[in-house]
Amino acid sequence: MAFLFKGRKDAWTYRTKRSEIVVVGYTITCVALLTLAAGQYEEEDHHQHHHHPHHAVGFSYAKFSGPVSGPAHEIHVEDKHGHGHSIDYVAKPDYQFEYGVEDPKSKVSQSRKEHRHEDELHGEYSVQQPDGKLRTVKYSANKHTGFHAEVLIDGKPLHEEELAKLVQHAQEQQQHIQQQQHHQHHQYHEETPSSYGGHEEQTHEGETASSYGSEEGGEEYYH
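This is the structure in structure tokens:
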């Protein structure tokens, strides 16, 4: 019995030591694989950072307070047709807000802020132009002098001549867009009857259906 017990004990010791060896070997293998993977990751990460520089992260913000201060008071609003008046309640305007968006990746940069106290209004907004310059418009308004605005490009005031060029350029772009829309409208009405393989239908005024695609018809549609 003692011999049998001793044999079992030796067998158990052998199996235990064998398991320890297997575990140690497995651990060494895992450490080696992790070390190799970490080295490859660092090499790839260095390679990526070398060819692709880090980009700044975009962000946005918004703040607001108001919109009024003080008690509301009753006012009389006259009817446009002269049929008496209605009653409304207003309070003193007193607010301020600001917001903005900055995204270097898409090259979007714009912001705006405004504050008003009673009849005095002041504000400004900025936007990055396609050429990279920053256009800022500062404005103010009150019941005595009306509305005034100043345009600045990269912090420098925009002269009247340059402002007139910008307005002319905007008008030319708008006119070009309207011409394209008119051309598409004209082309659509010319191609529509032939797509059905039929003939032009006469209207009660003697004009054909294709006349709606004429220049005069297009202008009436868009204006």
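Going by our numbering, the letters in the sequence shown line up with residues 1318 to 1540, in that order.
Glycine included, each C-beta is placed from N, C-alpha and C at the ideal position.
Bear in mind the structure is a predicted one, so any value in this text is a computation, not a measurement.
1) Please report the residue range of the beta strand (DSSP E) in which LYS1460 lies.
2) When the Cα of PRO1474 is compared with those of SER1377, THR1453, TYR1406, which residue comes out closest?
3) As an exercise, report each continuous beta strand (DSSP E) stretch of at least 3 residues that is fully enclosed by the stretch 1419 to 1455, in chain order.
4) Do you know how far the Cα of PRO1410 is from the Cα of VAL1425?
5) Quick one: residues in its chain with C-beta nearer than 7 Å to the C-beta of ASP1405, no 5 flanking neighbours on either side, listed in chain order?
6) Would you kindly report the start and end of the unbroken beta strand (DSSP E) that includes HIS1476?
7) Taking Cβ to Cβ, would you say ARG1433 is nearer than 9 Å to TYR1416?
8) Give me the Cα-Cα distance between PHE1414 and LYS1430, rounded to the nearest whole angstrom.
9) Of the residues HIS1398, GLN1427, PRO1388, which one's Cα is nearest the Cα of GLY1317?
Taking the definition as stated:
1) Per DSSP, LYS1460 is not a residue of any beta strand (DSSP E), being assigned neither H nor E.
2) The residue with the shortest Cα to Cα distance from PRO1474 is THR1453.
3) The qualifying runs are 1425 to 1434, 1437 to 1445.
4) One C-alpha to the other measures close to 32 Å.
5) ILE1392, VAL1394.
6) Premise fails: HIS1476 is in no beta strand (DSSP E) and is neither H nor E.
7) No, they are not a contact pair.
8) Computed Cα separation, rounded: 6 Å.
9) This structure gives no information on residue 1317, because the portion of the chain shown stretches from 1318 to 1540.
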